[in-house]
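**Q** Before anything else, here's the structure in question.
Number of protein chains: 2
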Amino acid sequence: MKAHLLTIGDELLIGQTTNTNATWLGEALSRIGVHVERSVTVGDDADAITRELDRSYEEAQLVITTGGLGPTHDDVTKSIVSEYFDAPLETDDELLERVRQYYERRGREMPPEVADLATVPRGFEKLENKVGTAVGLWYAESGDDGERLLAVLPGVPDEMRSIYDNGVEPRLSERADLQDLVHKTLLTTGVPESSLQQKIGDLSDWLDGELKLAYLPSTSGVRLRLTAMGRDRDVAERRIEALEEELRDRIGKYIFGTGKDTLEGVVGDLLREHEWTVATAESATGGLIGHRLTSIAGSSDYFVGGVISYANEVKINTLGVSASTLKAHGAVSQPVAEEMAAGAATKLGATIGISTSGIAGPGGGTEEKPVGTLCVGFARREDGKVVDLDSVRLQLTNDRVLNKELFATSALEMIRRKILW
Amino acid sequence: MKAHLLTIGDELLIGQTTNTNATWLGEALSRIGVHVERSVTVGDDADAITRELDRSYEEAQLVITTGGLGPTHDDVTKSIVSEYFDAPLETDDELLERVRQYYERRGREMPPEVADLATVPRGFEKLENKVGTAVGLWYAESGDDGERLLAVLPGVPDEMRSIYDNGVEPRLSERADLQDLVHKTLLTTGVPESSLQQKIGDLSDWLDGELKLAYLPSTSGVRLRLTAMGRDRDVAERRIEALEEELRDRIGKYIFGTGKDTLEGVVGDLLREHEWTVATAESATGGLIGHRLTSIAGSSDYFVGGVISYANEVKINTLGVSASTLKAHGAVSQPVAEEMAAGAATKLGATIGISTSGIAGPGGGTEEKPVGTLCVGFARREDGKVVDLDSVRLQLTNDRVLNKELFATSALEMIRRKILW
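Line by line, the protein sequences are chains E and U. Here the numbering used here is used: the first residue of the first sequence is 580, the next is one more, and so on. Here the numbering used here is used: the first residue of the second sequence is 580, the next is one more, and so on.
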C-alpha cells in the first residue's frame, strides 16, 4: 500500500514548528508495511490544500492529512474535504453533545462557532478523539483500480497520535495489501563514506527494488541503513540477515553498533565490562569528550574525570607534560598527546587516559599542521605503571564546530579499537 | 518571491530522521521575506524526484532541493537535475583539485567514483561547500514571467546550512521582489516563560496582524521573536523598534543578545573586554561548559582550561576541595561548588573560576536534593587572592540530557550576571 502525507499549517512552512507529525506517521506507517512515498506540507490556504489533496488522492491508495481541524478561522480542512468529495457537512448529535459537555466541564458557555467541530461530511466515518475536541475523519472508496483511503487528523501531536493509534492503524491492519518492510541500521565510525564505498560498493549487485542499502553520514560516522520489503516477512528478514552478514564480514570492525546505539554508550559498556576507568585530557575538544561520556546515565561507573588543558601551562602544571616535549614538537603533536593521556590517567587515577590536541580552526593552521589536524593520545596503566602508550594523527575538516565533534568521535573510537582490535 | 522546498531522502519518509532541513530553510527564507508556499519530501527515487522538481519549478520562482548529492549510488540528485535541464555534467578542475587535496591531506588515494563530486551541470554555478566535499549548485533562468531560481544543496545539515548562508542567501538578497518583513529576536536567559509572560503579557495589546511577538523556548533560554510586516519597511522597522524598547525597559537585564548571538559568545566577549580569564570546575556538566566556551573561535584568549571532577577524589586531589566540606555538605552543595570554583581559578591560574555540581538524573536524586538540583559556584581572584566567592542553587528538570544543557547555561549566565549586574 502506497501512502502520501499532507501536513497542513503555516507554522510548518516558516520553520516555527518542526514537522514531527510527518516523522511520527512515517515511522508508524512503515512499521506496519505501508510505503510512504511522498510527504507534502502546505499552509492554511484552501487552494493549496485542495490542489495537493487532489494530487495525492489520484496517486496514492492512502492519504493522511494533519492540521486545520480546530475551531479557528484558519482551520479549513474539513470544509475543503467536504467540497472536494461533494459530501455536505452534517451535524453529528453525539459529537455536539461531547463538545457541549467539554465546555460545561470547564464552566464556560459554548461559543457558537465551535458547533462546526461537531460536523461530519456525509459518507465519512468519524474517528474518536480521546484527547481533544476535534474529530478525526475516515473515508474509504472502492473503485476500478482498488480501494482509496483517506484519514483526516488534527495537527496537535497528542490528538493526532491518539486518533491514529485507535482509529487509523486498526483500519489499515485489516487491509491485506500491506507490504512487510524490515529495517536495520548498522553504525560505522572511523571510516569515510568513500572508503566504505570501495569496500562494499559492489554489493549494489545484491540490491533491487525490494532490498536497499543507504549511506547516511553523521558526526559519529556513516550509518548504513538496510531495508527489505516484500509480501513475505520471513523472506525480507532473511535478505536483511544475509546482507548484514556480508557487510560484517567485510567491514565488521568499523561497525560499533546498530539502531539507536551511540558511540559513547558502546564505549561506556566496553569500559564497564573490562572494569576499566577512564580520564580525559582535552585540548582541541575543550570538554566535549567528557560531555559525551557523561551524557550516558551511570557513566560515573567508569568516568573518573578529566582536565581541559587549553593553555600550555595547564598541560605542564596539571597534567605534567614536559616543557621540553612541548618545545620540541609543539602542542599539537603525537608526543604531547601521549604525555597528556599518560598524565590524565596517572594524576586522576584511572586505568586509561585519552587525549586530544589539534587545530579546530578557523585560525591556528600552518603548512605543516593545517586546520583539521588532530592528535589523539592513549595511555593504559597496570599496577600504577603505563603499559601501553599510543597515538594517531588524523586530518579532518575546515569547520570548527564540525571538527570538535569529529575530534571527540575519533578519541572515543580510539578507546573502542584499543579494547576490541 | 514564492519558494518550494524539495527535501530528498528515504530516511525522512520512514521517520528515521526528522526533517529539520525543511524547518531550518523555512525559517531562514521567511526571515529575508521569501514566502515558502510548499514543502515536499520524496525518497531516493529518480522518477519521484523528477516529477516533484518539475512541479515545483513550474509553480514557484525559487526551488531549493536538499539531499542526494554525495558520492554513493543512492545520491542521484545531480544527474536528475542535469537531465531535467538538459545540462550535461562537466568536470570542474578546481573542484576536482579540491577533492584530490581532500584525500591527499588524509594520505589516501582518491577513489575513482568520487570524481563525480567534481562535476557541475553546464550553465550552473557552483556554491562552495566549506564543510564537506559535495558541491552546491545554483541555476538562474530568465523567462517571460520573470526569473526562475534553483538551489541544489546537500542533505547533511551542516553542509546545507553553510552553503545556504554563504551561497544562497547572498544571491537571494540581491533580488528585489522580497516582501517587507522585519524580524528581530531578543534572547533572554535565566527567566522562565511563565514569568516573562507575567512581566510582558499585557503587551499583547500592541500586537495585530502586522506586528507579532512569539515566545520560543530553547536550552539557552526563551527567545522572543518580534515580527513586523507591511508595505512600508520604515513603518515596520519603527514598530519593531518601539516594541523592542518597551521590552528592554521591562526585562532588559535578562536579554543577553539578539539574533544569532550565543550565550557563550556574549560571555566570551565580556571576558575579553574585562581582560578576565576563566577556568572551569565541572561535575554535573561533565565538560559541557568547556565545550561551549571553546566552540567560539578565539576562546583561548580568555579560556585557560578546566577540571572535570566527576569523582570526589578528583575534587579533592586536583581542585583542592576539602574532604571535610564534602563530608559535611555532600558533593552537591553550595559550599563544595564554591570550593571547586576557587580551586579551579587558583590551580589553573585564572581570574575567575566557575563550577557546577548537581544531579542530572535519572538516578541519584533524594528528597532533599531531587534530580534537577544544581549548585553553581563562582570565584574571582585579584592579586592571587579570592575576593569574590558566591554560589546559587537552582531546581531544573527531570531529563538528563536537557539538564546538562540547562546546567551549563546557568553557569555561563552566572558569569554574565557577575560582570553586568
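Just so you know, even glycine gets a beta-carbon here, dropped at the ideal spot from N, CA and C. Note that the structure is predicted; figures quoted are calculated from it, not measured.
Flag this pair as yes or no: are the beta carbons of Gly715 of chain U and Gly686 of chain U separated by less than 8 Å?
**A** Cβ distance not < 8 Å, so Gly715 of chain U and Gly686 of chain U don't count as in contact.
**Q** Whole beta strand (DSSP E) runs in the stretch 909 to 949 of chain E with 3 or more residues, listed along the chain?
**A** Segments of the beta strand (DSSP E) lying fully in the stretch 909 to 949 of chain E: 931 to 937.
**Q** Looking at the strands, I want to know which residues DSSP matches up with Leu675 of chain E.
**A** Paired residue(s): none; Leu675 of chain E is not in a bridge.
**Q** Can Leu591 of chain U and Asn598 of chain U be called in contact, C-beta distance under 8 Å?
**A** Against a cut-off of 8 Å, the Cβ pair of Asn598 of chain U and Leu591 of chain U comes out as a contact.
**Q** Check each residue of the stretch 700 to 730 of chain U: if its Cβ is closer than 8 Å to any Cβ of chain E, include it; give the result in chain order.
**A** Answer in chain order: Lys709, Val710 and Gly711.
**Q** Assuming His583 of chain U is part of the beta strand (DSSP E), what are its boundary residues?
**A** Per DSSP, His583 of chain U belongs to the beta strand (DSSP E) from Lys581 to Ile587.
**Q** Do Lys839 of chain U and Leu805 of chain U have their C-beta atoms closer together than 8 Å?
**A** Taking 8 Å as the Cβ cut-off, Lys839 of chain U and Leu805 of chain U do not qualify as a contacting pair.
**Q** Can you tell me which of E:Ala929, E:Tyr636 and E:Leu898 puts its alpha carbon nearest to the alpha carbon of Lys926 of chain U?
**A** Of the listed residues, the one whose Cα sits closest to Lys926 of chain U is E:Leu898.
**Q** Using CA atoms only, rank isn't needed, just tell me which of E:Ala815, E:Val735, E:Glu820 and E:Tyr718 is closest to Thr586 of chain E.
**A** Nearest option by C-alpha distance: E:Val735.
**Q** What residue range does the alpha helix (DSSP H) around Tyr663 of chain U cover?
**A** Run containing Tyr663 of chain U: Thr656 to Tyr663, per the alpha helix (DSSP H) assignment.
**Q** Residues of chain U with CB under 9 Å from Gln776 of chain E, in chain order?
**A** Chain U residues near Gln776 of chain E: Pro650, Thr651, His652, Pro690, Glu692 and Val693.
**Q** Taking contact to mean 3 or more Cβ pairs, one atom from each stretch, closer than 8 Å, check whether the stretch 927 to 947 of chain E and the stretch 987 to 995 of chain E are in contact.
**A** Counting Cβ pairs under 8 Å, three or more are found: they touch.
**Q** Could you check whether Val883 of chain U and Ala860 of chain U sit closer than 8 Å to each other, using their CB atoms as the reference points?
**A** Cβ atoms of Ala860 of chain U and Val883 of chain U: not closer than 8 Å.
**Q** Going by C-alpha distance, which of E:Val619, E:Ala923 and E:Ala697 is nearest Ile895 of chain E?
**A** Of the candidates E:Val619, E:Ala923 and E:Ala697, the one whose C-alpha sits nearest the C-alpha of Ile895 of chain E is E:Ala923.
**Q** I'd like to check one pair, Leu765 of chain E with Glu825 of chain E: are the Cβ atoms closer than 8 Å?
**A** Not a contact, by the Cβ cut-off of 8 Å.
**Q** Is there a Cβ from chain U that is less than 8 Å from the Cβ of Glu823 of chain E?
**A** Taking Cβ atoms only, chain U never reaches closer than 8 Å to Glu823 of chain E, which makes this a no.
**Q** Give the straight-line distance between the Cα atoms of Gly588 of chain E and Ala793 of chain U, rounded to the nearest whole angstrom.
**A** Rounded to the nearest angstrom, the two C-alpha atoms are 16 Å apart.
**Q** Measuring only the C-alpha atoms, how far is Leu668 of chain U from Gly702 of chain U?
**A** About 10 Å.
**Q** Pro977 of chain U: buried (16+ other C-beta within 10 angstroms of its C-beta) or exposed?
**A** According to the sequence as given, residue 977 of chain U is Asn; it is not Pro. Classification of Asn977 of chain U: exposed, given that the 10 Å Cβ count is below 16.
**Q** Just to confirm before moving on: does the CB-CB distance between Glu738 of chain E and Ala697 of chain E stay below 8 Å?
**A** No.
**Q** Note down, in chain order, each residue of its chain lying with its Cβ closer than 6 Å to the Cβ of Glu631 of chain E, except the 5 sequence neighbours on either side.
**A** Excluding sequence neighbours, Glu631 of chain E sits near Leu585, Val619 and Val621.
**Q** Suppose you measure from the CA of Ser901 of chain E to the CA of Ala921 of chain E; what does that come to, to the nearest Å?
**A** Cα-Cα distance, rounded: 12 Å.
**Q** Which residues, taken in chain order from the stretch 783 to 795 of chain U, show a beta carbon closer than 9 Å to some beta carbon of chain E?
**A** Cβ contacts with chain E: Ala793 and Leu795.
**Q** Taking Cβ-Cβ distances shorter than 9 Å, what residues in chain U pair up with Glu616 of chain E?
**A** In chain order: Leu592, Val621, Gly622, Asp624 and Ala627.
**Q** In whole angstroms, what is the alpha-carbon distance linking Leu953 of chain E and Gln913 of chain E?
**A** Spanning the two alpha carbons is a distance of roughly 9 Å.
**Q** Around the Cβ of Thr945 of chain U, are there at least 16 other Cβ atoms within 10 angstroms (buried) or fewer (exposed)?
**A** That one is exposed.
**Q** Might you give, ordered along the chain, the residues of its own chain that have their beta carbon closer than 7 Å to the beta carbon of Glu673 of chain E, omitting 5 neighbours on each side?
**A** Excluding positions up to five away in sequence, the list is empty.
**Q** For His583 of chain E, return the contacting residues in chain U, with the cut-off set at a CB-CB distance below 9 Å.
**A** What His583 of chain E touches in chain U: nothing, since even the nearest Cβ is about 10 Å away.
**Q** Among E:Ile593, E:His583 and E:Pro796, which has the Cα closest to the Cα of Arg617 of chain E?
**A** Answer by Cα proximity: E:His583.
**Q** Any chance the stretch 630 to 650 of chain U sits against the stretch 765 to 777 of chain U, with 3 or more Cβ pairs inside 8 Å?
**A** Taking 8 Å as the limit for Cβ pairs, the verdict is that the stretch 765 to 777 of chain U does not touch the stretch 630 to 650 of chain U.
**Q** Step through the CB atoms of chain E and report whether any lies within less than 8 Å of the CB of Glu603 of chain U.
**A** Going by the sequence as given, residue 603 of chain U is Trp instead of Glu. Yes, contact with chain E.
**Q** Check Glu992 of chain U in the structure and name its three-state DSSP category.
**A** Correct three-state label for Glu992 of chain U: helix.
**Q** Does the Cβ-Cβ distance between Ser1020 of chain E and Ala929 of chain E come in under 8 Å?
**A** Only positions 580 to 1000 of chain E appear in the structure, and residue 1020 of chain E is not among them; the question remains open.
**Q** Exposed or buried, what is Leu729 of chain U when buried is set at 16 or more other beta-carbons lying within 10 Å of its beta-carbon?
**A** Under this definition Leu729 of chain U is a buried residue.
**Q** Taking beta-carbon pairs under 9 Å, can you tell me which members of the stretch 841 to 862 of chain E lie near chain U?
**A** So the list reads Thr856, Ala858, Thr859, Glu861 and Ser862, given in the order they occur along the chain.
**Q** Quick check: the Cα distance between Val655 of chain U and Ala627 of chain U, rounded to an integer number of angstroms?
**A** For Val655 of chain U and Ala627 of chain U, the distance between alpha carbons rounds to 11 Å.
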